[in-house]
Amino acid sequence: MARTPGRDKNGMKKGTWTPEEDKKLRAYVSKYGFWNWRQLPKYAGLSRCGKSCRLRWMNYLRPDIKRGNYTKEEEDTIVRLQKLLGNKWSAIASHLPRRTDNELKNHWHTNLKKRLGQNTPLLLSTTPQEATITENHSCDHEVEPKNISGIPLNCPMAPQMAEGFASLHLSSSSSKTSLSLCMEAVGFSNMGCKASRDSYIAESTGSFWTEPFITDNNIESFLLQDERLFSHDLFY
DNA sequence: AAACGTGCCAACCGCGGCTCA
DNA sequence: GTGAGCCGCGGTTGGCACGTT
Numbered sequence: 001m002a003r004t005p006g007r008d009k010n011g012m013k014k015g016t017w018t019p020e021e022d023k024k025l026r027a028y029v030s031k032y033g034f035w036n037w038r039q040l041p042k043y044a045g046l047s048r049c050g051k052s053c054r055l056r057w058m059n060y061l062r063p064d065i066k067r068g069n070y071t072k073e074e075e076d077t078i079v080r081l082q083k084l085l086g087n088k089w090s091a092i093a094s095h096l097p098r099r100t101d102n103e104l105k106n107h108w109h110t111n112l113k114k115r116l117g118q119n120t121p122l123l124l125s126t127t128p129q130e131a132t133i134t135e136n137h138s139c140d141h142e143v144e145p146k147n148i149s150g151i152p153l154n155c156p157m158a159p160q161m162a163e164g165f166a167s168l169h170l171s172s173s174s175s176k177t178s179l180s181l182c183m184e185a186v187g188f189s190n191m192g193c194k195a196s197r198d199s200y201i202a203e204s205t206g207s208f209w210t211e212p213f214i215t216d217n218n219i220e221s222f223l224l225q226d227e228r229l230f231s232h233d234l235f236y
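Counting from 1, position 28 in the first sequence corresponds to residue 28 in our numbering; the numbering is continuous, with no gaps.
Pasting the structure below:
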């Protein structure tokens, strides 16, 4: 499981993290946050590279991580999103609150892929062509069918936008949100609706997963969906 | 009980994208 | 426009844990 401790060419420690290192990193990040992963280990008193610290925090030490015990709903969601988006684990993880991309990736390779290969019934029937997912999510009771990218199914541009959504890199930390990129990809501009979008967000208190889906053929509704899709990442 | 095989998952590595000077 | 620095992602690996022979 753990790797043999060693040093890289810069003298940085590699391999398994010790409880003391975890304690230092957790204490530092809890107190100061992570403003620069590269510099952080120096100030936190760790002989680790920033990348290693980031990985340890993101995949293990973060307080809100849920580990193991995948529900059927979660597995169902993973399989569907994998089918839809491919190995975009970070994007898939963004739809599974408290799960990390690394964990999803491991779970996929060690469990789900094999089970699918054996045609073990694992998920509800769905057609890959329609890029539509019934989000029967583990953390709530959303059952209303909707497109995974938040694109209304009756939108004339839905196919193009879904394609754009799937093909774009869906980094939750991107300075542009995914759907905004999608819209650019299919020829929409921002259309100057940021102010009203911001005001909506300020007023909105509902959860993304429980909010009624807006089906208007309305650009702003796309932006709102996008904002909500990734809103849970703002914690970080 | 020992040897061997396999599963699992934490951690590493390399690359690409983004930001900023 | 460009190059450096940094971050995040996805693929891969190392090695412990556990099962089987």
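A virtual CB, placed ideally from N, CA and C, is assigned to each residue, including glycine. Here the structure is a predicted model, which is why all the values come from computation and not from measurement.
Cβ neighbours of residue i in the same chain (closer than 6 Å, five flanking residues each side left out)
i, result
"R26", "L61"
"K24", "A44, G45 and L46"
"D28", "This sequence places Tyr at residue 28; Asp is not what is there. Same-chain partners within the cutoff: A44."
"A195", "Confidence at A195 is low in this model, with a pLDDT of 32, below 50, so its placement is unreliable and the value that follows should be read with caution. There are no such residues."
Residue i, buried or exposed, once every other Cβ within 10 Å from all chains shown has been counted against 16
i, result
"M191", "In this predicted model, M191 has a pLDDT of only 32, less than 50, meaning its place in the structure is not dependable; the value taken from the coordinates is given anyway. Exposed, by the Cβ-count rule."
"E20", "exposed"
"H109", "exposed"
"K72", "exposed"
"P41", "buried"
"W89", "buried"
"K32", "Checking the sequence shown, residue 32 turns out to be Tyr, not Lys. The residue in question, Y32, is exposed, as its Cβ has fewer than 16 Cβ neighbours within 10 Å."
"T18", "exposed"
"D76", "buried"
Cross-strand partners of residue i (DSSP beta bridge)
i, result
"G6", "K14"
Same chain, Cβ closer than 8 Å to residue i, five either side skipped, listed in chain order
i, result
"Q82", "I92, W108 and L112"
Residue range of the unbroken alpha helix (DSSP H) whose run includes residue i
i, result
"A47", "According to the sequence as given, residue 47 is Ser; it is not Ala. Unbroken run through S47: none, as it is neither H nor E."
"D22", "P19 to Y32"
"K72", "K72 to L85"
"Y37", "In the sequence under discussion, the amino acid at residue 37 is Trp, which differs from the Tyr named in the question. Taken as a continuous stretch (DSSP letters only), W37 belongs to no alpha helix (DSSP H), as it is neither H nor E."
"N111", "Careful: N111 lies outside any alpha helix (DSSP H) and carries neither H nor E."
"I92", "W89 to S94"
Close Cβ partners of residue i (< 7 Å) along its chain, the five nearest in sequence each way excluded
i, result
"S66", "The question names Ser, but residue 66 is Lys in the sequence shown. Closer than 7 Å at the Cβ level, and outside the excluded window around K66, lie R98 and R99."
"R38", "G50"
"Y70", "H107"
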